[in-house]
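Protein sequence lines, in the order shown, are assigned to chains A and B.
So for the first sequence, numbering that gives the first Met the number 0 puts the first residue at 0; every next one is plus one.
So for the second sequence, numbering that gives the first Met the number 0 puts the first residue at 0; every next one is plus one.
Protein chains: 2
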Amino acid sequence: MNRIADIRITPIALKDPPLLNASGVHEPYTLRSIIEIESDSGHVGLAETYGDDDTLLRLQAVAPQLRGLGTHDLAALTDAVLAHGKGRQAGVAAHVVDGAPGTHPARALDKVFAGFETGLADLNARAAGLPLADWLGGRRMQQVPYSAYLFYKFGRHHGTPYGPEDAGDPWGEVLDAAAVVRLAQDMVGQYGFGSLKLKAGVFAPDLEADALLALHDAFPKHPLRIDPNGNWSLDTALKVAERVGSALEYYEDPVPTLADMAELNHRTGLMLATNMVVCDRSEFAANVGLGTPVRTILSDHHFWPGFRATRELAAHCDTFGLKLSMHSNSHAGISLMAMTHLAASTPGLAYACDTHYPWQSEDVIAGGRVPFVDGAVAITDAPGLGVTLDPEALARLHEQYLRCGIRSRNDTREMQKHQPGFVKRKPRF
Amino acid sequence: MNRIADIRITPIALKDPPLLNASGVHEPYTLRSIIEIESDSGHVGLAETYGDDDTLLRLQAVAPQLRGLGTHDLAALTDAVLAHGKGRQAGVAAHVVDGAPGTHPARALDKVFAGFETGLADLNARAAGLPLADWLGGRRMQQVPYSAYLFYKFGRHHGTPYGPEDAGDPWGEVLDAAAVVRLAQDMVGQYGFGSLKLKAGVFAPDLEADALLALHDAFPKHPLRIDPNGNWSLDTALKVAERVGSALEYYEDPVPTLADMAELNHRTGLMLATNMVVCDRSEFAANVGLGTPVRTILSDHHFWPGFRATRELAAHCDTFGLKLSMHSNSHAGISLMAMTHLAASTPGLAYACDTHYPWQSEDVIAGGRVPFVDGAVAITDAPGLGVTLDPEALARLHEQYLRCGIRSRNDTREMQKHQPGFVKRKPRF
Numbered sequence: 000m001n002r003i004a005d006i007r008i009t010p011i012a013l014k015d016p017p018l019l020n021a022s023g024v025h026e027p028y029t030l031r032s033i034i035e036i037e038s039d040s041g042h043v044g045l046a047e048t049y050g051d052d053d054t055l056l057r058l059q060a061v062a063p064q065l066r067g068l069g070t071h072d073l074a075a076l077t078d079a080v081l082a083h084g085k086g087r088q089a090g091v092a093a094h095v096v097d098g099a100p101g102t103h104p105a106r107a108l109d110k111v112f113a114g115f116e117t118g119l120a121d122l123n124a125r126a127a128g129l130p131l132a133d134w135l136g137g138r139r140m141q142q143v144p145y146s147a148y149l150f151y152k153f154g155r156h157h158g159t160p161y162g163p164e165d166a167g168d169p170w171g172e173v174l175d176a177a178a179v180v181r182l183a184q185d186m187v188g189q190y191g192f193g194s195l196k197l198k199a200g201v202f203a204p205d206l207e208a209d210a211l212l213a214l215h216d217a218f219p220k221h222p223l224r225i226d227p228n229g230n231w232s233l234d235t236a237l238k239v240a241e242r243v244g245s246a247l248e249y250y251e252d253p254v255p256t257l258a259d260m261a262e263l264n265h266r267t268g269l270m271l272a273t274n275m276v277v278c279d280r281s282e283f284a285a286n287v288g289l290g291t292p293v294r295t296i297l298s299d300h301h302f303w304p305g306f307r308a309t310r311e312l313a314a315h316c317d318t319f320g321l322k323l324s325m326h327s328n329s330h331a332g333i334s335l336m337a338m339t340h341l342a343a344s345t346p347g348l349a350y351a352c353d354t355h356y357p358w359q360s361e362d363v364i365a366g367g368r369v370p371f372v373d374g375a376v377a378i379t380d381a382p383g384l385g386v387t388l389d390p391e392a393l394a395r396l397h398e399q400y401l402r403c404g405i406r407s408r409n410d411t412r413e414m415q416k417h418q419p420g421f422v423k424r425k426p427r428f
Numbered sequence: 000m001n002r003i004a005d006i007r008i009t010p011i012a013l014k015d016p017p018l019l020n021a022s023g024v025h026e027p028y029t030l031r032s033i034i035e036i037e038s039d040s041g042h043v044g045l046a047e048t049y050g051d052d053d054t055l056l057r058l059q060a061v062a063p064q065l066r067g068l069g070t071h072d073l074a075a076l077t078d079a080v081l082a083h084g085k086g087r088q089a090g091v092a093a094h095v096v097d098g099a100p101g102t103h104p105a106r107a108l109d110k111v112f113a114g115f116e117t118g119l120a121d122l123n124a125r126a127a128g129l130p131l132a133d134w135l136g137g138r139r140m141q142q143v144p145y146s147a148y149l150f151y152k153f154g155r156h157h158g159t160p161y162g163p164e165d166a167g168d169p170w171g172e173v174l175d176a177a178a179v180v181r182l183a184q185d186m187v188g189q190y191g192f193g194s195l196k197l198k199a200g201v202f203a204p205d206l207e208a209d210a211l212l213a214l215h216d217a218f219p220k221h222p223l224r225i226d227p228n229g230n231w232s233l234d235t236a237l238k239v240a241e242r243v244g245s246a247l248e249y250y251e252d253p254v255p256t257l258a259d260m261a262e263l264n265h266r267t268g269l270m271l272a273t274n275m276v277v278c279d280r281s282e283f284a285a286n287v288g289l290g291t292p293v294r295t296i297l298s299d300h301h302f303w304p305g306f307r308a309t310r311e312l313a314a315h316c317d318t319f320g321l322k323l324s325m326h327s328n329s330h331a332g333i334s335l336m337a338m339t340h341l342a343a344s345t346p347g348l349a350y351a352c353d354t355h356y357p358w359q360s361e362d363v364i365a366g367g368r369v370p371f372v373d374g375a376v377a378i379t380d381a382p383g384l385g386v387t388l389d390p391e392a393l394a395r396l397h398e399q400y401l402r403c404g405i406r407s408r409n410d411t412r413e414m415q416k417h418q419p420g421f422v423k424r425k426p427r428f
């Protein structure tokens, strides 16, 4: 039996453009934890997850408890994570700042479990000599399609976080419909994406609807999604639906609660999607209890915790006639390949997956960044995730983490540097 | 990558006592298919499933299509089974005789998938050097508790199927409450079972309620279940519930439809269990749609197909607040160990599992029959299922299959040998 001999957790910081969302604006760096799990047989499994202090400190606290466990023993991993949670329960709420989408404290333990579960899966797949998708049960796709993830954005970060000579990111300022179309043309040109998603909830909803309709004109054959991160009232979401509903592949988290989503579905019949109001089993049951007003669930193995749980989610969706898509957060190549292998082996994944990968310019993997062909990432026959760490890149990005000064993501605080009066409100519009 | 090099499917017949149920009486032999899957690396995975012609012929038709597949490739296995089903769809309904519980044609392809999926899991666990429970995700139990499965029974089969000198099985005739208690005492004495299940639906319901109450008197601390296989009307089930409801751990399939189960739950509030009306994902959704009147699901990896599907079922049960138990059919030691490893690694299994194993006296495994201690079967540290085939026993029981003349289970036809006027009716009472 392979047993866990050592676990290394390295926080890194990746440069991130000033992307706008409902909470504010992305900070100059996004934090990720890189997890290496080494077995007593010398195999190393890789995982990548959130790098904010809350996740990182929990990963570091649990890791020593895992030494000596069998690499297949998810029961013991569950127990170790729950034991950690029990000890820390009191401290969690105070520790976590709800400063960005995806930092809800209830997900904290799920994130820790998933970080280790996915690393162990990679390790076991490598030990078996199998690509991860094959180890997970076989490929349904050889290439996994992704969608272009379009953000409004500032041209530059506040201050000069990368030094006075820095020229800013290559994507430029995106603050209106014309710029959104230009961005989509750039991104589709470079990556070949066959579908488009607009991150909304930033500007007046009518302006965002204008942008979506402009995309529809410029890309009449591309499926379109819009995602205001729950930043619209029901009335606003209804008004936007009247303008753009017929152009949408799905309407993602327009309103902040499941009850509002149910009412919106009742009144529009539109396909609603979420990664915010159906994020765990109890929320899944609540959605079913309301007659499944939300009919597309965005999985995310980083917090719907792990590869096994994602397969169980896919089975749940099949049982209740729901569709499955995939969410992303800012990430490097290990998460991208984990998403790709998982998507390739998950039955019923009905849509191109989200990815932030084009927004990142740095990575920790050897051999350069993961290539996209026609908007898709291919599975190779290499074992596990099919990628390995570049130790120099890891060290450099860890140094960047140590220097960057960010320890918990807070898009609201960053926005206040640009607009001192900015406050977080949901729904804002 | 390990690939499938060869698959051997051997039908066997095991002597089976004349156990009574809603459909009639068990025939002198029960049929099982023993599946050996050999990989190009020389590992052999074992599985056991139904041996009736419908299952056997399908297994034999699909097996050649699986040569060369990766041993983890459940996606390709799914495709091969579905391709077989597509070709044979028209012939299925005519081929299957609904002569016994568990022979519904809709389960035919699921049984084929499960036979191979479980054999591949054993193979992969052996290749990884892990006990199957560990390979499936880790043990939640070291010993898996089973319940005594009490049947009414004749003292002897009709005719002399085992030859004129045969003295009959050691359990004797069980046709009334006193004999049921005596049987329970014998079986608990030999196996140490800590809970009791009475197979009912055979005699007048009041007599069966008498038997259950007699068990309750004789074993006041043993949880009790009664299972008439849907052979009671709603009125009958309500009347029996008045007499025995408070003594039941759960009330298993008293009535034949989900609608009747819903009404029964509504009027009694009793914990209802099933392996008949919630047997697949669509029936699971129907039960949820009715507000989960059935709150305990009996899994069975032979037809809720396979180990992965059982884990997904457990996740479904967790999501909707249902409990999980485990069904059995007449079986040998390979199925018993598959059930044991699966149960040990399945979160939320809340009850002692069913098993028919004490009713069988013959087996195909090396080293003698699987031991029970205090009503439980232990997991060992041996790889995979922890048991191997005895080639001589396999050959002998295959010879018995060739001679026995039974090719499809039909408890009704067998009963007509004892009682020529017997007809199948459901609900009978």
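Built from N, CA and C at the ideal position, the CB exists for glycine as well.
C-alpha distance - L45/B paired with I3/A, whole-angstrom precision = 29 angstroms
Give the interface partners of L73/A over in chain B, defined as CB-CB distance under 8 angstroms, in chain order.
-> G136 and G137
Cβ pair count under 8 angstroms reaching 3, the segment 14-23 of chain B against the segment 358-365 of chain B = yes
Taking buried to mean at least 16 other C-beta atoms within 10 Å of its own C-beta, is T309/B buried or exposed?
-> buried
If we call anything under 8 angstroms between Cβ atoms a contact, is E26/A one with I405/A?
-> yes
Report yes if the CB atom of S344/B is closer than 8 angstroms to the CB atom of L135/B, and no otherwise.
-> yes
Three-state secondary structure assigned by DSSP to F192/A = coil
Could you tell me whether the Cβ of H94/B comes closer than 8 angstroms to any Cβ of chain A?
-> Summary for H94/B: the model assigns pLDDT 35, below 50, so the residue's position carries little reliability; its value from the coordinates is reported in the next sentence. Closer than 8 angstroms: no.
Inside the segment 119-206 of chain A only - beta strand (DSSP E) runs reaching at least 3 residues | 142-144, 147-150 and 195-198
Excluding five sequence neighbours on each side, which residues of the same chain lie with their C-beta closer than 7 angstroms to the C-beta of T62/B?
-> Residue 62/B is actually Ala in this sequence, not Thr. Excluding sequence neighbours, A62/B sits near I6 and I8.
Measure from the C-beta of F319/B to each C-beta in chain A and report whether the shortest distance is under 8 angstroms.
-> yes
Using a Cβ-Cβ distance under 8 angstroms, would E37/A count as near chain B?
-> no
Can you name the residues of chain B whose CB is closer than 8 angstroms to the CB of G306/A?
-> A small correction: the amino acid at residue 306/A is Phe; Gly does not occupy that position in the sequence shown. In chain order: nothing, as chain B lies at least about 11 angstroms away.
Using the beta-carbon of each residue, which ones in chain A are nearer than 8 angstroms to S344/B?
-> A74
Comparing the CB of E413/B with every heavy atom of the ligand NAD, is any distance shorter than 7 angstroms?
-> The ligand NAD is not part of this structure, which contains no ligands at all.
In chain A, which residues lie with their C-beta within 7 angstroms of the C-beta of G128/B?
-> M0
May I have the straight-line CA-CA distance separating E398/A from V277/B, to the nearest angstrom?
-> 56 angstroms
Where does R310/B fall in DSSP's three states?
-> helix
If you follow the beta strand (DSSP E) that I33/A is part of, which residue opens it and which one closes it?
-> Y28 to S38
Are any of the Cβ atoms in chain B nearer than 8 angstroms to that of H215/A?
-> no
Chain-order list of residues whose beta-carbon lies under 7 angstroms from that of A392/B (same chain, five-residue window excluded) = D362 and V363
Residue-chain proximity (F302/A, chain B), Cβ-Cβ < 8 angstroms | no
Roughly how many angstroms lie between the CA atoms of F421/B and G320/B, to the nearest whole one?
-> 41 angstroms
Apart from the five residues just before and just after G383/A, which ones in its own chain have a Cβ nearer than 6 angstroms to its Cβ?
-> D121, A124, R125 and L131
Under 7 angstroms between beta-carbons, which chain A residues line up against R280/B? List them in chain order, please.
-> D317 and T318
Under 9 angstroms by beta carbon: chain A residues contacting E398/B = Per Cβ cutoff of 9 angstroms: no residues; E398/B is ~38 angstroms from chain A at best.
Sort Y400/B, K423/B and D299/B by Cα distance to G114/B and report the nearest one.
-> D299/B
Compute the distance between the beta-carbons of R294/B and M270/B, then report whether it is under 8 angstroms.
-> yes
Give me whichever residues DSSP pairs with T295/A in a beta bridge.
-> A272/A and K322/A
Selected residue, minimal CA-CA separation from R57/B, among D259/B, F153/B and I34/B | I34/B
Name the chain B residues whose beta carbon is nearer than 8 angstroms to that of D429/A?
-> Residue coverage of chain A in this structure runs from 0 to 428, which leaves residue 429/A outside it and unanswerable.
Within its chain, find whatever has a CB closer than 6 angstroms to the CB of H340/B; leave out the 5 residues flanking it on each side and keep chain order.
-> L131 and A132
CB contact check: F112/A to chain B, cutoff 8 angstroms = no
Which chain A residues sit within Cβ distance under 9 angstroms of G69/B?
-> L129, D133 and G137
Alpha-carbon spacing of V254/B relative to A342/A, whole angstroms | 42 angstroms
In whole angstroms, what separates the C-alpha of G367/A from that of V243/A?
-> 39 angstroms
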